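Sequential numbering of the sequence shown, starting at 11, is according to my numbering. Built from N, CA and C at the ideal position, the CB exists for glycine as well. In this text, all values refer to a predicted model and were calculated from it rather than measured experimentally. To start, the structure itself, in structure tokens.
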Amino acid sequence: MLVLIVEDDDRVAQFLHRGLREEGHTVDRCATGEDALRQGPSQPYDIVLLDWSLPDTDGITVLRRWREAGMTAPVIMLTARSGVDATVLALDAGADDYIEKPFSFEELLARMRAHARRNDQTGESNAVHVGNATVDLRKRVVLRDGLEHELTSREFDLLDLFLKHRGEVLSRSAILDRVWGMSHDPNTNVVDVYVRYLRSKLDSEQSEGSVIETVRGRGYRLRNGDEA
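Structural data, given as structure tokens:
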């Protein structure tokens, strides 16, 4: 894989660089947010390891600007911060994963492999129909009513989960675990927010109800093709 490390701590960066090279990966490294903003979109990185604390800005700012610029590479945040609030902030900014320092190098490799498998599976898939919309899984866009709507990394992950369990009711806690990697947190409405985002891109004015149904007291369900 082609990997970008954004880490200002030379010791950590050298440890990651050496270990990833030994695993056969091609590795680039940036030490500042300014360099990362320039380097990130310049190559088709398979995965990015992004430190939260950088000398000139923070990783969250870098990540948001990457996503705004259309960069879709999976991003794993590396940070000494802990707690649900920090995790939610990183994931909402567009991170695909989150790992606290100090971490096991083997665990990091396993997470990288998991994201690589997901991307490989996505690349093999064809476009799928969801209600009156067509989803191009390769480009991560929704085609509806003659318009193209791009999906963010988190929106795509949520839609991918619904597609894999089409017709099934998924609880909010299950979605939170599968998409955000978090246990149940009654204080977050992130699932509801992202379901609204998806509905705004999938639902047509001609649709009778949303393709993503709210099942009261249970969660959400993506309607089967013969129902949509």
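Nearest-angstrom beta carbon gap, residue j and residue i [assumed within contact, 8 Å]
| i | j | result |
| --- | --- | --- |
| glutamate 160 | arginine 231 | So it is not a contact: roughly 25 Å between Cβ atoms. |
Distance CB(residue i)-CB(residue j) smaller than 9 Å
| i | j | result |
| --- | --- | --- |
| leucine 88 | valine 72 | no |
| leucine 180 | glycine 227 | no |
| methionine 192 | threonine 82 | no |
Residues of its chain near residue i, where Cβ-Cβ distance is below 7 Å and the 5 sequence neighbours each way are ignored
| i | result |
| --- | --- |
| valine 201 | Arg182, Ile185, Leu186 |
| arginine 176 | Leu232, Asn234 |
| glutamate 165 | Tyr204, Tyr207, Leu208 |
| glutamate 33 | Leu119 |
Collapsed DSSP secondary structure at residue i in the structure displayed
| i | result |
| --- | --- |
| glutamate 110 | strand |
| glycine 50 | helix |
| alanine 83 | coil |
| alanine 143 | strand |
| leucine 180 | strand |
| arginine 231 | strand |
| arginine 31 | helix |
Contact set for residue i: own chain, Cβ-Cβ below 8 Å, skip 5 residues either direction
| i | result |
| --- | --- |
| isoleucine 86 | Ile57, Val58, Leu59, Leu60, Ala105, Asp106, Asp107, Tyr108, Ile109, Leu118, Arg121, Met122, His125 |
| serine 214 | Gly141, Asn142, Ala143, Arg154, Asp155 |
| aspartate 68 | Gly43, Trp62 |
| arginine 31 | Val37 |
C-alpha gap between residue i and residue j, whole angstroms
| i | j | result |
| --- | --- | --- |
| leucine 169 | leucine 99 | 20 Å |
| threonine 36 | arginine 127 | 18 Å |
| valine 145 | glycine 80 | 17 Å |
| glycine 133 | proline 65 | At glycine 133, the pLDDT of 49 sits below 50, so the modelled position is not reliable; the number obtained from the coordinates is stated separately. For glycine 133 and proline 65, the distance between alpha carbons rounds to 36 Å. |
| lysine 211 | methionine 11 | 32 Å |
| arginine 21 | valine 225 | 50 Å |
| serine 114 | serine 163 | 25 Å |
| serine 220 | leucine 171 | 17 Å |
| arginine 240 | serine 52 | This structure cannot speak to residue 240, because the chain is shown only from 11 to 238. |
| aspartate 95 | leucine 147 | 30 Å |
| histidine 27 | aspartate 102 | 27 Å |
| glycine 93 | asparagine 199 | 16 Å |
Same chain only: Cβ atoms within 6 Å of residue i, ignoring 5 sequence neighbours per side
| i | result |
| --- | --- |
| aspartate 38 | Leu14 |
| alanine 90 | Lys111 |
| threonine 17 | In the sequence on display, residue 17 carries glutamate and not threonine. Only Ala23, Asp61 meet the Cβ criterion. |
| proline 84 | Ile57, Asp106, His125 |
| cysteine 40 | Val16, Ala46, Gln49 |
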